[in-house]
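Asks: Sequential numbering of the sequence shown, starting at 91, is according to this note's numbering. The C-beta atom is built at its ideal place from N, Cα and C for all residues, glycine as well.
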Amino acid sequence: MELSERRMKILSAVIRTYIRTGEPVGSKAVSELLENQVSSATIRNEMAVLVELGFLEQPHTSAGRVPSHIGYRMYVDRLMHLAPLSEGEKNLIDSYFNGHSPDPEQLIEETGRVLAGMTGCVALSTTLTAHTMRIETVDVLRLSRHNYLLAMVVSTGATKTKVCRSEFDIPREAVVYLRNFLFEQFRGREMEEVNAAFLQGMAIRLGEHSLMFTPFLLGIYELCRQALGGDIFLEGETNLFSYSEFAESLGELLRFLDDREKMAELLANASGQLSVLIGREIKEEEMADSAMIVAGYETARSRRGRIGVIGPKRIDYERVIPQLQYFAQTLGRYLSEVEED
91 MELSERRMKI LSAVIRTYIR TGEPVGSKAV SELLENQVSS ATIRNEMAVL
141 VELGFLEQPH TSAGRVPSHI GYRMYVDRLM HLAPLSEGEK NLIDSYFNGH
191 SPDPEQLIEE TGRVLAGMTG CVALSTTLTA HTMRIETVDV LRLSRHNYLL
241 AMVVSTGATK TKVCRSEFDI PREAVVYLRN FLFEQFRGRE MEEVNAAFLQ
291 GMAIRLGEHS LMFTPFLLGI YELCRQALGG DIFLEGETNL FSYSEFAESL
341 GELLRFLDDR EKMAELLANA SGQLSVLIGR EIKEEEMADS AMIVAGYETA
391 RSRRGRIGVI GPKRIDYERV IPQLQYFAQT LGRYLSEVEE D
(Lines of atoms letter the chains of each structure in order from A; the text may use other names.)
(Lines give C-alpha, C1' and ligand atoms only; values in the text may rest on other atoms or scores of the structure.)
Protein backbone atom coordinates (compact mmCIF):
# COMPACT_ATOMS: atom_id res chain seq x y z
CA MET A 91 0.00 0.00 0.00
CA GLU A 92 1.43 3.37 -1.01
CA LEU A 93 1.56 6.18 1.53
CA SER A 94 2.27 9.84 0.99
CA GLU A 95 5.71 11.09 2.00
CA ARG A 96 4.24 12.95 4.98
CA ARG A 97 2.38 9.89 6.26
CA MET A 98 5.52 7.77 5.91
CA LYS A 99 7.48 10.33 7.94
CA ILE A 100 4.79 10.33 10.63
CA LEU A 101 4.61 6.54 10.70
CA SER A 102 8.39 6.33 10.96
CA ALA A 103 8.40 8.89 13.79
CA VAL A 104 5.74 6.97 15.72
CA ILE A 105 7.60 3.67 15.37
CA ARG A 106 11.00 5.12 16.26
CA THR A 107 9.52 6.74 19.36
CA TYR A 108 7.62 3.62 20.39
CA ILE A 109 10.73 1.47 19.95
CA ARG A 110 12.60 3.81 22.29
CA THR A 111 9.92 4.32 24.97
CA GLY A 112 7.47 1.42 24.77
CA GLU A 113 4.68 3.94 25.45
CA PRO A 114 1.82 5.00 23.11
CA VAL A 115 2.91 7.97 21.02
CA GLY A 116 0.98 11.26 20.80
CA SER A 117 0.98 13.96 18.16
CA LYS A 118 3.11 16.33 20.24
CA ALA A 119 5.99 13.85 20.43
CA VAL A 120 5.80 13.26 16.68
CA SER A 121 5.75 17.00 15.99
CA GLU A 122 8.89 17.48 18.07
CA LEU A 123 10.63 14.61 16.30
CA LEU A 124 9.76 16.24 12.96
CA GLU A 125 11.19 19.52 14.32
CA ASN A 126 7.71 21.14 14.30
CA GLN A 127 7.58 21.11 10.50
CA VAL A 128 4.02 19.77 10.73
CA SER A 129 1.41 21.03 13.18
CA SER A 130 0.07 18.79 15.94
CA ALA A 131 -3.45 19.10 14.52
CA THR A 132 -2.33 17.89 11.09
CA ILE A 133 -0.37 15.06 12.68
CA ARG A 134 -3.45 13.97 14.67
CA ASN A 135 -5.48 13.84 11.46
CA GLU A 136 -2.80 11.88 9.63
CA MET A 137 -2.40 9.46 12.54
CA ALA A 138 -6.16 8.85 12.48
CA VAL A 139 -5.88 7.97 8.78
CA LEU A 140 -2.96 5.64 9.51
CA VAL A 141 -5.16 3.90 12.09
CA GLU A 142 -7.92 3.48 9.49
CA LEU A 143 -5.40 2.08 7.02
CA GLY A 144 -4.15 -0.42 9.61
CA PHE A 145 -0.61 0.91 10.10
CA LEU A 146 -1.26 2.19 13.63
CA GLU A 147 -3.47 1.08 16.52
CA GLN A 148 -4.96 3.03 19.41
CA PRO A 149 -4.97 1.32 22.82
CA HIS A 150 -8.27 1.83 24.61
CA THR A 151 -6.65 3.39 27.65
CA SER A 152 -4.48 5.92 25.81
CA ALA A 153 -4.80 8.87 23.47
CA GLY A 154 -1.52 7.85 21.82
CA ARG A 155 -0.93 5.35 19.03
CA VAL A 156 1.20 2.25 18.71
CA PRO A 157 2.46 0.48 15.55
CA SER A 158 0.46 -2.41 14.15
CA HIS A 159 1.88 -5.52 12.55
CA ILE A 160 1.75 -4.02 9.05
CA GLY A 161 3.16 -0.76 10.39
CA TYR A 162 6.27 -2.58 11.57
CA ARG A 163 6.44 -4.44 8.26
CA MET A 164 6.36 -1.17 6.32
CA TYR A 165 9.03 0.25 8.63
CA VAL A 166 11.38 -2.72 8.16
CA ASP A 167 10.84 -2.97 4.41
CA ARG A 168 10.72 0.72 3.45
CA LEU A 169 11.41 3.22 6.19
CA MET A 170 14.31 2.21 8.42
CA HIS A 171 17.91 3.11 7.60
CA LEU A 172 20.57 0.56 8.51
CA ALA A 173 23.82 2.32 9.33
CA PRO A 174 27.03 0.28 9.01
CA LEU A 175 28.77 -0.49 12.28
CA SER A 176 31.57 1.85 13.29
CA GLU A 177 35.11 0.52 13.55
CA GLY A 178 34.79 0.76 17.33
CA GLU A 179 31.66 -1.44 17.32
CA LYS A 180 33.35 -3.94 15.03
CA ASN A 181 36.43 -4.02 17.25
CA LEU A 182 34.25 -4.61 20.29
CA ILE A 183 32.54 -7.59 18.65
CA ASP A 184 35.90 -8.89 17.39
CA SER A 185 37.28 -8.72 20.92
CA TYR A 186 34.68 -11.22 22.13
CA PHE A 187 36.23 -13.81 19.82
CA ASN A 188 39.81 -13.31 20.96
CA GLY A 189 41.09 -16.40 22.75
CA HIS A 190 38.00 -18.31 21.69
CA SER A 191 37.59 -22.01 22.39
CA PRO A 192 38.69 -24.36 19.58
CA ASP A 193 35.47 -26.32 20.19
CA PRO A 194 32.98 -25.09 17.52
CA GLU A 195 29.88 -25.82 19.61
CA GLN A 196 31.30 -23.97 22.60
CA LEU A 197 32.18 -21.01 20.38
CA ILE A 198 28.67 -20.95 18.89
CA GLU A 199 27.05 -21.13 22.33
CA GLU A 200 29.31 -18.37 23.71
CA THR A 201 28.52 -16.17 20.71
CA GLY A 202 24.82 -16.45 21.53
CA ARG A 203 25.53 -15.46 25.13
CA VAL A 204 27.41 -12.33 24.01
CA LEU A 205 24.72 -11.43 21.46
CA ALA A 206 21.99 -11.72 24.11
CA GLY A 207 23.91 -9.36 26.37
CA MET A 208 24.52 -6.82 23.61
CA THR A 209 20.95 -6.73 22.23
CA GLY A 210 18.89 -7.29 25.37
CA CYS A 211 16.98 -10.06 23.59
CA VAL A 212 16.94 -13.84 23.56
CA ALA A 213 19.74 -15.06 21.31
CA LEU A 214 19.48 -18.32 19.39
CA SER A 215 22.23 -20.11 17.52
CA THR A 216 22.50 -23.42 15.71
CA THR A 217 25.37 -25.83 15.33
CA LEU A 218 26.96 -26.31 11.94
CA THR A 219 25.41 -28.61 9.37
CA ALA A 220 26.79 -29.79 6.05
CA HIS A 221 25.89 -27.97 2.83
CA THR A 222 24.07 -31.10 1.73
CA MET A 223 22.82 -33.85 4.03
CA ARG A 224 21.46 -37.22 2.99
CA ILE A 225 19.25 -39.79 4.64
CA GLU A 226 21.27 -42.97 5.10
CA THR A 227 18.43 -45.13 6.37
CA VAL A 228 14.97 -44.98 7.96
CA ASP A 229 13.38 -47.57 10.23
CA VAL A 230 10.19 -47.98 12.24
CA LEU A 231 9.93 -49.88 15.55
CA ARG A 232 6.66 -50.64 17.31
CA LEU A 233 6.56 -49.42 20.92
CA SER A 234 2.93 -50.12 21.76
CA ARG A 235 -0.40 -50.62 20.02
CA HIS A 236 -0.54 -47.05 18.66
CA ASN A 237 2.99 -45.69 19.23
CA TYR A 238 5.99 -46.25 16.98
CA LEU A 239 9.60 -45.09 17.07
CA LEU A 240 10.75 -43.53 13.81
CA ALA A 241 14.56 -43.63 13.52
CA MET A 242 16.60 -41.89 10.84
CA VAL A 243 20.37 -42.02 10.34
CA VAL A 244 21.82 -39.07 8.42
CA SER A 245 25.02 -38.71 6.40
CA THR A 246 26.82 -36.94 9.27
CA GLY A 247 26.45 -40.10 11.35
CA ALA A 248 23.82 -38.62 13.67
CA THR A 249 20.66 -40.53 14.53
CA LYS A 250 17.36 -38.65 14.79
CA THR A 251 14.33 -40.23 16.43
CA LYS A 252 10.70 -39.33 16.88
CA VAL A 253 7.72 -41.10 18.44
CA CYS A 254 4.82 -41.29 15.96
CA ARG A 255 1.30 -42.07 17.03
CA SER A 256 -1.17 -43.77 14.72
CA GLU A 257 -4.89 -43.88 15.39
CA PHE A 258 -5.04 -47.13 13.42
CA ASP A 259 -4.28 -50.61 14.70
CA ILE A 260 -1.61 -51.36 12.09
CA PRO A 261 -1.23 -55.07 11.24
CA ARG A 262 2.23 -56.57 11.48
CA GLU A 263 2.47 -57.17 7.73
CA ALA A 264 1.58 -53.50 7.11
CA VAL A 265 4.41 -52.40 9.41
CA VAL A 266 6.82 -54.58 7.39
CA TYR A 267 5.49 -53.02 4.18
CA LEU A 268 5.99 -49.52 5.66
CA ARG A 269 9.58 -50.26 6.73
CA ASN A 270 10.48 -51.51 3.26
CA PHE A 271 8.73 -48.60 1.56
CA LEU A 272 10.49 -45.96 3.67
CA PHE A 273 13.88 -47.64 3.24
CA GLU A 274 13.51 -47.82 -0.53
CA GLN A 275 12.09 -44.33 -1.03
CA PHE A 276 14.24 -42.33 1.38
CA ARG A 277 17.64 -44.11 1.49
CA GLY A 278 20.32 -41.84 -0.03
CA ARG A 279 17.91 -38.96 -0.63
CA GLU A 280 19.05 -35.41 0.09
CA MET A 281 17.05 -33.90 2.94
CA GLU A 282 16.28 -30.67 1.13
CA GLU A 283 14.25 -32.73 -1.35
CA VAL A 284 11.86 -33.80 1.41
CA ASN A 285 9.31 -31.02 1.10
CA ALA A 286 5.50 -30.85 0.92
CA ALA A 287 5.34 -31.68 -2.78
CA PHE A 288 7.63 -34.68 -2.35
CA LEU A 289 5.58 -36.03 0.57
CA GLN A 290 2.39 -35.62 -1.44
CA GLY A 291 3.94 -37.82 -4.12
CA MET A 292 4.88 -40.42 -1.49
CA ALA A 293 1.31 -40.41 -0.17
CA ILE A 294 -0.01 -41.09 -3.68
CA ARG A 295 2.40 -44.03 -4.06
CA LEU A 296 1.16 -45.49 -0.78
CA GLY A 297 -2.34 -45.69 -2.24
CA GLU A 298 -4.80 -47.30 0.16
CA HIS A 299 -2.18 -47.17 2.93
CA SER A 300 -1.79 -43.40 2.64
CA LEU A 301 -4.04 -42.31 5.51
CA MET A 302 -2.64 -44.97 7.85
CA PHE A 303 0.99 -43.97 7.20
CA THR A 304 0.65 -40.18 7.01
CA PRO A 305 2.05 -39.67 10.57
CA PHE A 306 5.26 -41.40 9.52
CA LEU A 307 5.72 -39.24 6.41
CA LEU A 308 5.17 -36.13 8.51
CA GLY A 309 7.61 -37.51 11.09
CA ILE A 310 10.34 -37.90 8.46
CA TYR A 311 9.72 -34.33 7.30
CA GLU A 312 10.10 -33.03 10.86
CA LEU A 313 13.29 -35.03 11.44
CA CYS A 314 14.76 -33.61 8.21
CA ARG A 315 13.93 -30.05 9.30
CA GLN A 316 15.58 -30.70 12.66
CA ALA A 317 18.70 -32.21 11.10
CA LEU A 318 19.06 -29.37 8.60
CA GLY A 319 18.62 -26.83 11.38
CA GLY A 320 21.24 -28.35 13.67
CA ASP A 321 21.16 -28.32 17.46
CA ILE A 322 19.77 -25.10 18.94
CA PHE A 323 21.24 -23.02 21.77
CA LEU A 324 19.20 -20.32 23.54
CA GLU A 325 20.70 -17.60 25.74
CA GLY A 326 19.25 -14.60 27.56
CA GLU A 327 15.69 -15.74 28.20
CA THR A 328 15.60 -13.58 31.35
CA ASN A 329 16.00 -10.48 29.14
CA LEU A 330 12.32 -10.83 28.25
CA PHE A 331 11.32 -9.95 31.82
CA SER A 332 12.20 -6.30 31.12
CA TYR A 333 9.53 -5.86 28.42
CA SER A 334 6.08 -4.87 29.67
CA GLU A 335 4.31 -6.29 26.59
CA PHE A 336 5.20 -9.80 27.78
CA ALA A 337 3.81 -9.29 31.29
CA GLU A 338 0.77 -11.54 30.77
CA SER A 339 2.18 -13.97 28.21
CA LEU A 340 5.76 -14.52 29.37
CA GLY A 341 5.13 -17.98 30.83
CA GLU A 342 3.65 -19.29 27.59
CA LEU A 343 6.43 -17.69 25.54
CA LEU A 344 9.20 -19.20 27.68
CA ARG A 345 7.60 -22.65 27.48
CA PHE A 346 7.42 -22.29 23.71
CA LEU A 347 11.09 -21.27 23.47
CA ASP A 348 12.05 -24.26 25.61
CA ASP A 349 10.49 -26.67 23.08
CA ARG A 350 13.42 -27.41 20.78
CA GLU A 351 11.23 -29.26 18.27
CA LYS A 352 8.99 -26.22 17.82
CA MET A 353 12.02 -23.95 17.63
CA ALA A 354 13.48 -26.12 14.88
CA GLU A 355 10.23 -25.78 12.91
CA LEU A 356 10.32 -22.03 13.51
CA LEU A 357 13.86 -21.73 12.18
CA ALA A 358 12.92 -23.77 9.13
CA ASN A 359 10.64 -20.86 8.14
CA ALA A 360 13.45 -18.31 8.56
CA SER A 361 15.24 -18.91 5.28
CA GLY A 362 17.85 -16.88 3.43
CA GLN A 363 20.83 -14.90 4.64
CA LEU A 364 18.61 -12.56 6.67
CA SER A 365 15.04 -13.15 7.79
CA VAL A 366 12.86 -10.73 9.78
CA LEU A 367 9.57 -12.20 11.03
CA ILE A 368 7.17 -9.98 12.97
CA GLY A 369 4.20 -10.95 15.13
CA ARG A 370 1.66 -13.13 13.38
CA GLU A 371 4.06 -13.74 10.48
CA ILE A 372 5.67 -16.27 12.83
CA LYS A 373 2.38 -18.21 12.84
CA GLU A 374 2.69 -19.26 16.48
CA GLU A 375 0.22 -17.89 19.04
CA GLU A 376 2.90 -17.65 21.73
CA MET A 377 4.99 -15.40 19.44
CA ALA A 378 2.19 -12.97 18.53
CA ASP A 379 3.86 -10.09 20.41
CA SER A 380 7.39 -11.00 19.32
CA ALA A 381 9.80 -10.44 16.46
CA MET A 382 12.54 -12.78 15.29
CA ILE A 383 15.59 -11.79 13.26
CA VAL A 384 17.82 -14.59 11.94
CA ALA A 385 21.04 -14.41 9.91
CA GLY A 386 22.86 -17.29 8.26
CA TYR A 387 26.59 -17.94 8.49
CA GLU A 388 28.86 -20.26 6.54
CA THR A 389 32.37 -21.64 6.92
CA ALA A 390 35.08 -22.09 4.30
CA ARG A 391 34.08 -25.74 3.99
CA SER A 392 30.46 -24.80 3.21
CA ARG A 393 29.07 -25.87 6.57
CA ARG A 394 26.18 -23.67 7.61
CA GLY A 395 24.43 -22.44 10.71
CA ARG A 396 22.17 -19.63 11.88
CA ILE A 397 22.24 -17.05 14.62
CA GLY A 398 19.43 -14.73 15.63
CA VAL A 399 17.48 -12.86 18.26
CA ILE A 400 13.94 -12.94 19.60
CA GLY A 401 12.46 -9.91 21.29
CA PRO A 402 9.35 -7.74 21.31
CA LYS A 403 7.89 -6.38 18.07
CA ARG A 404 9.42 -3.03 19.02
CA ILE A 405 12.93 -4.44 18.85
CA ASP A 406 15.45 -1.81 17.65
CA TYR A 407 15.72 -3.15 14.10
CA GLU A 408 18.10 -0.44 12.87
CA ARG A 409 20.60 -1.22 15.61
CA VAL A 410 20.17 -4.99 15.98
CA ILE A 411 20.23 -6.05 12.32
CA PRO A 412 23.74 -4.68 11.56
CA GLN A 413 25.02 -6.15 14.83
CA LEU A 414 23.55 -9.54 14.02
CA GLN A 415 24.92 -9.53 10.49
CA TYR A 416 28.42 -8.71 11.72
CA PHE A 417 28.20 -11.39 14.41
CA ALA A 418 27.22 -13.94 11.74
CA GLN A 419 30.03 -12.84 9.43
CA THR A 420 32.61 -12.94 12.22
CA LEU A 421 31.40 -16.28 13.56
CA GLY A 422 31.69 -17.84 10.11
CA ARG A 423 35.22 -16.50 9.77
CA TYR A 424 36.38 -17.81 13.13
CA LEU A 425 34.79 -21.20 12.58
CA SER A 426 36.61 -21.40 9.25
CA GLU A 427 39.86 -20.82 11.14
CA VAL A 428 38.95 -23.62 13.56
CA GLU A 429 38.37 -25.96 10.60
CA GLU A 430 41.89 -25.23 9.33
CA ASP A 431 43.57 -25.92 12.71
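Is the segment 315–329 close to the segment 201–215, with three or more CB pairs under 8 angstroms?
Replies: yes
Asks: On the three-state DSSP scale, how would you describe ARG404?
Replies: coil
Asks: What is the DSSP secondary structure of SER117, counted as helix, strand or coil?
Replies: helix
Asks: What is the rounded straight-line gap between the Cα of THR246 and the Cα of PHE346?
Replies: 28 angstroms
Asks: Look at the alpha carbon of ILE294 and the alpha carbon of LEU344, and state the distance between them as a whole number of angstroms.
Replies: 39 angstroms
Asks: Taking ARG255 as part of the alpha helix (DSSP H), name the residues at either end of that continuous run.
Replies: Per DSSP, ARG255 belongs to no alpha helix (DSSP H); it is in the beta strand (DSSP E), 249–255.
Asks: Can you tell which of ARG396, THR216, SER102 and GLN275 has the C-alpha that lies nearest to the C-alpha of TYR162?
Replies: Ranking ARG396, THR216, SER102 and GLN275 by Cα distance to TYR162 puts SER102 first.
Asks: Counting C-beta neighbours from all protein chains within 10 Å, is the total for ARG277 16 or more, i.e. buried, or is it exposed?
Replies: exposed
Asks: Below 8 angstroms, can you find three or more Cβ-Cβ pairs linking the segment 277–287 to the segment 218–237?
Replies: yes
Asks: Just how far apart, CA to CA, sit ALA264 and VAL212?
Replies: 46 angstroms
Asks: Using a Cβ-Cβ cutoff of less than 7 angstroms, which residues in the same chain neighbour GLU147 once the five nearest sequence positions on both sides are dropped?
Replies: VAL141, ARG155, VAL156 and SER158
Asks: Would you tell me roughly how many angstroms separate the C-alpha atoms of ARG97 and ALA138, rounded to the nearest one?
Replies: Roughly 11 angstroms between the two C-alpha positions.
Asks: Among the residues of its own chain, which have a CB less than 6 angstroms from the CB of GLU342, if the five just before and after it don't count?
Replies: GLU376
Asks: For VAL243 and GLY202, what's the separation of their Cα atoms in angstroms?
Replies: 28 angstroms
Asks: Roughly how many angstroms lie between the CA atoms of SER234 and LEU340, to the nearest whole one?
Replies: 37 angstroms
Asks: Can you tell me which of ARG106, ASP379 and ARG394 puts its alpha carbon nearest to the alpha carbon of ALA337?
Replies: ASP379
Asks: What is the rounded straight-line gap between the Cα of TYR238 and the Cα of SER256?
Replies: 8 angstroms
Asks: In the DSSP assignment, what are the bridge partners of LEU146?
Replies: Paired residue(s): PRO157.
Asks: Ignoring anything shorter than 3 residues or poking outside the segment 214–284, list the beta strand (DSSP E) runs there in chain order.
Replies: 225–232, 237–244 and 249–255
Asks: Can you give the Cα-Cα distance for GLU177 and VAL410, rounded to whole angstroms?
Replies: Answer to the nearest angstrom: the Cα atoms are 16 angstroms apart.
Asks: Would the beta-carbon of LEU357 fall within 8 angstroms of that of ARG391?
Replies: No, Cβ-Cβ distance for LEU357 and ARG391 is not below 8 angstroms.
Asks: Around the C-beta of THR251, are 16 or more other C-beta atoms found within 10 angstroms, so that it is buried, or is it exposed?
Replies: exposed
Asks: For GLY422 and LEU214, what's the separation of their Cα atoms in angstroms?
Replies: Going by the C-alpha atoms only, they are around 15 angstroms apart.
Asks: Excluding the 5 residues flanking THR420 on each side, which residues of the same chain have their C-beta closer than 7 angstroms to its C-beta?
Replies: Excluding sequence neighbours, THR420 sits near ILE183, ASP184 and PHE187.
Asks: How is the alpha helix (DSSP H) around LEU128 delimited, first residue to last?
Replies: Reading the sequence as shown, one finds Val at residue 128 and not Leu. Where VAL128 is concerned, there is no enclosing alpha helix (DSSP H), given that its DSSP letter is neither H nor E.
Asks: Could you spell out where the alpha helix (DSSP H) holding TYR108 opens and where it closes?
Replies: 95–111
Asks: Alpha carbon to alpha carbon, how far is ALA418 from HIS150?
Replies: 41 angstroms
Asks: Quick check: what's the CA-CA separation for GLN196 versus SER426?
Replies: 15 angstroms
Asks: Residues in the same chain with beta-carbon distance under 7 angstroms from ILE109, minus the five sequence neighbours each way, listed in chain order, please.
Replies: ARG404 and ASP406
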